[in-house]
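Working notes, structure below.
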Amino acid sequence: MENQKKVWKAMVFLVLVISVSYYGLSINHQRLQPEILNMPFEFWYGILITAILVVITFISKFIFPFKDE
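Numbers in the numbering used here are just positions in the sequence shown, counted from 1, shifted up by 5.
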C-alpha cells in the first residue's frame, strides 16, 4: 500500500510537470514551424501531451491508493 502511494504521488507530480512544460514550451512561443503533415508544431505537441496524459491517467486508475474496499 505504501508503494502505491509513492507511485501515485509520482504520477501527480509528472502530470504537473507536463502541464507546466506544455505551457512553457508551446503556448508561450506561438511557433508555427516546424510543421508535420502541414500542421503546426503546437497542434502536434498538444496531441503528444494529450496522449501521454491519457496513458498516465489509465495507469493511475489501477494504482489509486485511496480505494473504498
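By construction, the Cβ of each residue, glycine as well, lies at the ideal position given by its N, Cα and C atoms.
* Report the option in K10, I23 and W13 whose CA atom is closest to the CA atom of L58. => The residue with the shortest Cα to Cα distance from L58 is I23.
* Reference T55; option with closest CA among N8, V12, V20 and M44 -> Looking from the CA of T55, the closest CA among N8, V12, V20 and M44 belongs to V20.
* To do: Out of V12, Q9 and V25, point me to the one whose CA is closest to G51's CA.
  => Closest in alpha carbon position to G51, among V12, Q9 and V25, is V25.
* Would you list the one or two residues that DSSP bridges to I54? => When beta bridges are read from the DSSP output, I54 appears opposite no residue.
* Take M16 and list the residues in its own chain whose beta-carbon comes closer than 8 Å to its own, dropping the five residues that flank it on each side. => Setting aside the 5 residues that flank it on each side, M16 is surrounded in the same chain by I61, I64, S65 and I68, each with a C-beta closer than 8 Å to its C-beta; the list follows chain order.
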